[in-house]
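S.K.:
2 protein chains.
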Amino acid sequence: MSMASPPTDRLPDFSGYHLDRADHLRADPAALAALMAHTQARWLCMEGFDPLLAEEGGLLWSEGPQGTQEASAILLGLHQDCPHFVLLEETGLEAPTFRSPRVMETLAVLNAQDMAIFGAVRSLMAWHGQHRFCGRCGAPTLLHRGGWGRRCSACEREHFPRVDPVVIMVAEHGGRALVGRQAAWPTGRYSALAGFLEPGETMEEAVARELWEEAGVRATRVHYVTSQPWPFPAQLMLACVAEVDSDLLNTDANELEHAMWVTPAEVLAALNGDPAAPFAAPPPYAVAHALLRHWAAGTGAGGR
Amino acid sequence: MSMASPPTDRLPDFSGYHLDRADHLRADPAALAALMAHTQARWLCMEGFDPLLAEEGGLLWSEGPQGTQEASAILLGLHQDCPHFVLLEETGLEAPTFRSPRVMETLAVLNAQDMAIFGAVRSLMAWHGQHRFCGRCGAPTLLHRGGWGRRCSACEREHFPRVDPVVIMVAEHGGRALVGRQAAWPTGRYSALAGFLEPGETMEEAVARELWEEAGVRATRVHYVTSQPWPFPAQLMLACVAEVDSDLLNTDANELEHAMWVTPAEVLAALNGDPAAPFAAPPPYAVAHALLRHWAAGTGAGGR
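Protein sequences, first through last, are from chains A and B.
Under the working numbering, the letters of the first sequence match residues 382 to 685, in that order.
Under the working numbering, the letters of the second sequence match residues 382 to 685, in that order.
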């Protein structure tokens, strides 16, 4: 499957989950039990939120669950009729932040297919850890639907994994793109602006609001480019180019340390790691990287 | 602000929230208190999850909170420096379903601006009611950040309003569009297929998965069309056209009672309420209506 305007030659990182999620089996306890007893079942080996890696590289899978408790098996899906699981330890362990050294090391060695599995597992496990009690009545919740939900042990309300839509955008004016940096980022790093979408707004309205709040520029048109699942902990990144009516900035110092307008040549230099570039680009696994490349390659807004 | 390819002449219903959300004021207790004491402050009058309506039509606003408790005020935003609030009653009241008669009556009489306010308020209030306890530790949570969050009274974890991304799509093959109906829908009603996006997938992958699960068709290209906030309780509808590689259907009877391929002329007849149309269209306030009109008007996939 391809997108209308692929921003790069490859799919965004953390996408391309190759397992059949088999939604119809999740709610069928007998089918789930049969899959767990399947001789070909594979279990992802984890240590907390970090996957164990195979000697030859890639994710490590075992033939049986390394742990116990039927109730905590998450059905990741099927591949050629072979069920794939991960065991959820209900310990209330907190997910490490994105910038933990071990997460960075893991990302550096996984191939695209493994990154997609890792991302989905990490999002799911982080969600389970933060939903061990029912938000409605406070009673403990139990894993449900093969790990793709939880159910309250008292009021029986079902809870489903959360995915938070985030808009991330390049503002464009006069052939230049707006990039900004947060104070906590690595030295010299600039990227697209971004923010969480709120109840009661379209994707396009969220893009316009964030650009106004963070940089004081007004969007006149918004063009969707691509999307990416981001597993820290579970965002849907919606990447856009926004035409704005002025290049006069009014930056919110609480959000951005600095923002500036850059040319396509400057963006390409940054993406290509040119030491003479005026900024350091976001890493290749971030959708901002693909968005900036899409914009700089001239396939962005206004038929550029 | 306009979209790249507006599917209709007007914004999607429930969008167009005209208040400045004033995010920077939400976390500032002194600023919030000053806004609540503002002589021009307006308070939305609600009865549970239903807005009270003014005699001349539209939402009813009062000059002071009809109730009490400072902690339960939600800052909806500012309009020309005039703060707008709604009071949240922390009663654990359950939001009525979309098809409650009173909700239908309310939707029928509100103008676009009021529908946007109603939608955002309803999403927020429903979220508060389902997050009165901390999912991480089970202790009670308290309203926080002017109503745009809650904080745990024990572990202090912050919780933010949830918005669930949902993909909704017209599959296209040979110049015809795929529409389906669920058994619970009004007689004759058909619409675009839809489903919740899951952790670990792009928007495009979610579209392809839903079409495969529900109708047995394989997407080859996916084109984003438009988005809509849907307040029952809080979805972000992401509307797409998907080219599929065959018109052979394999419908999931658990999801769809029936699905069929329709021509642009048949879609237009349905949207225009023609009694000779082969199906009844979704209502104008649903994004499926705009999506079908966009497709039938020939601005859909493949340069049609």
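All C-beta atoms, glycine included, are put in the ideal place defined by N, C-alpha and C.
1) Indicate whether at least one CB of chain A lies closer than 9 Å to the CB of B/Met-485.
2) I'd like the list of long-range same chain contacts for B/Arg-602, defined as Cβ closer than 6 Å, with 5 residues on each side in sequence excluded.
3) At a CB distance below 8 Å, what residues from the segment 605 to 634 of chain B approach chain A? Give them in sequence order.
4) Would you mind sorting B/Met-618 into buried or exposed? The rule is 16 or more other CB atoms within 10 Å of its CB.
5) Among B/Ile-455, B/Ala-535, B/His-554, B/Ser-608, whose alpha-carbon lies nearest the alpha-carbon of B/Val-548?
6) Would you call B/Thr-472 buried or exposed, if buried means 16 or more other Cβ atoms sit within 10 Å of its Cβ?
7) Assuming B/Gly-528 contacts B/Ile-455 (C-beta within less than 8 Å), just tell me the rounded distance between them.
8) Closer than 9 Å, CB to CB, is A/Trp-508 near chain B or not?
9) Please determine, among B/Leu-574, B/Ala-596, B/Ala-435, the residue with the shortest C-alpha to C-alpha distance to B/Ala-667.
10) Looking at B/Asp-495 and B/Gly-439, is the spacing between their C-beta atoms short of 9 Å?
11) Identify which residue in A/Glu-585, A/Trp-676, A/Ala-535, A/Pro-482 has its Cα closest to the Cα of A/Pro-546.
12) Any idea what DSSP makes of B/Ala-646, helix, strand or coil?
13) Residues of chain A with CB closer than 7 Å to the CB of B/Thr-583, please, in chain order.
14) I want to verify the contact list: residues of chain A whose CB lies under 8 Å from the CB of B/Pro-663, in sequence order.
15) Just how far apart, CA to CA, sit A/Gln-511 and A/Glu-537?
16) Can you check whether the CB of B/Arg-513 is closer than 9 Å to the CB of A/Arg-513?
17) Here's the rule: buried if 16 or more other CB atoms are within 10 angstroms of the residue's CB, otherwise exposed. What is A/Phe-499?
18) Can you tell me whether B/Ala-411 is helix, strand or coil according to DSSP?
19) Using only the alpha-carbon positions, how far apart do B/Thr-487 and A/Ser-453 sit?
20) In chain order, what residues of the same chain lie with their CB nearer than 7 Å to the CB of B/Cys-435, ignoring the 5 residues before and after it?
21) What's the gap between the Cα of B/Ala-662 and the Cα of A/Ala-411?
22) Output yes if chain B places a C-beta closer than 9 Å to the C-beta of A/Leu-459; else output no.
23) Check the Cβ of B/Glu-436 against every Cβ in chain A and list those closer than 9 Å, keeping chain order.
24) Mind checking who A/Asp-626 pairs with in its DSSP beta bridge?
25) Can you give me the Cβ contacts of B/Arg-423 inside the same chain, cut-off strictly under 6 Å, excluding the 5 residues immediately before and after it?
26) Please classify B/Asp-404 as buried or exposed, where buried requires at least 16 neighbouring CB atoms within 10 angstroms.
27) Rounded to the nearest angstrom, how far is the Cβ of A/Val-544 from that of A/Ala-615, given a contact under 8 Å?
28) Going by the beta-carbon positions, is the gap between A/Pro-664 and A/Met-641 smaller than 9 Å?
29) Indicate the three-state DSSP secondary structure (helix, strand or coil) for A/Gly-519 in the structure shown.
30) Tell me which residues share the same chain as B/Glu-591 and place their Cβ nearer than 8 Å to its Cβ, disregarding the 5 neighbours each side in the sequence.
31) Would you say A/Phe-541 faces chain B, with C-beta separation under 9 Å as the test?
32) Please confirm if B/Ser-504 has its CB atom under 9 Å from at least one CB of chain A.
33) Can you give the Cα-Cα distance for B/Ser-634 and B/Ala-669, rounded to whole angstroms?
34) Is the beta carbon of B/Gly-561 sitting closer than 9 Å to the one on B/Glu-595?
35) Output the distance between the C-alpha atoms of B/Val-588 and A/Phe-395, rounded to the nearest integer angstrom.
36) Please confirm whether B/Thr-472 has its beta-carbon closer than 9 Å to some beta-carbon of chain A.
M.R.: So, from the listed chains and residues:
1) Closer than 9 Å: no.
2) Hits under 6 Å: Glu-624.
3) Those residues of the segment 605 to 634 of chain B that come within reach of chain A (Cβ to Cβ, closer than 8 Å) are Tyr-605, Thr-607, Ser-608, Gln-609, Pro-610, Pro-612, Ala-615, Leu-617, Leu-619, Asp-633.
4) In the assembly as shown, B/Met-618 is a buried residue. Its beta-carbon has 16 or more other beta-carbons within 10 Å.
5) Of the listed residues, the one whose Cα sits closest to B/Val-548 is B/Ser-608.
6) Exposed.
7) The C-beta distance from B/Gly-528 to B/Ile-455 rounds to 3 Å, short enough to fall under 8 Å.
8) So, interface residue.
9) Per the Cα distances, B/Leu-574.
10) Their beta carbons are under 9 Å apart, which means B/Gly-439 touches B/Asp-495 by this criterion.
11) For the residues A/Glu-585, A/Trp-676, A/Ala-535, A/Pro-482, the minimum Cα distance to A/Pro-546 belongs to A/Glu-585.
12) Residue state, collapsed to three classes: helix.
13) The contacting residues are Pro-393, Ser-396, Ser-608, Gln-609, Pro-610.
14) Identification of chain A residues near B/Pro-663 by a Cβ-Cβ cut-off of 8 Å yields none; the smallest Cβ-Cβ distance measures about 18 Å.
15) Whole-angstrom Cα-Cα distance: 18 Å.
16) For the pair A/Arg-513 and B/Arg-513, the CB atoms are not nearer than the 9 Å cut-off.
17) A/Phe-499 should be labelled buried.
18) In this structure, B/Ala-411 counts as helix in the three-state DSSP scheme.
19) If you draw a straight line from the Cα of B/Thr-487 to the Cα of A/Ser-453, it is about 44 Å long.
20) Looking at the sequence provided, one finds Ala at residue 435 of chain B rather than Cys. Answer for B/Ala-435: Leu-441, listed in chain order.
21) So the two alpha carbons sit approximately 39 Å from each other.
22) Cβ-Cβ to chain B under 9 Å: no for A/Leu-459.
23) Under the 9 Å cutoff, chain A gives no residues; its nearest Cβ is about 26 Å from B/Glu-436.
24) Its beta-bridge partners do not exist; DSSP assigns none.
25) Within the same chain, B/Arg-423 has close Cβ partners Trp-442, His-465.
26) It counts as buried.
27) Right, their Cβ atoms sit about 5 Å apart.
28) Cβ atoms of A/Pro-664 and A/Met-641: not closer than 9 Å.
29) Shown here, A/Gly-519 sits in coil according to DSSP, grouped into three states, outside any helix or strand.
30) Result list for B/Glu-591: Val-548, Met-550, Leu-574, Ala-575, Gly-576, in chain order.
31) Yes - at least one Cβ of chain B is within 9 Å of the one on A/Phe-541.
32) So, interface residue.
33) Inspection of the sequence shows that residue 634 of chain B is occupied by Ala rather than by Ser. Distance from the CA of B/Ala-634 to the CA of B/Ala-669, rounded to the nearest whole angstrom, comes to 21 Å.
34) The answer is yes: Cβ separation under 9 Å.
35) When rounded, the distance between both Cα atoms is 17 Å.
36) With its beta carbon at least 9 Å from every one in chain A, B/Thr-472 lies outside the interface.
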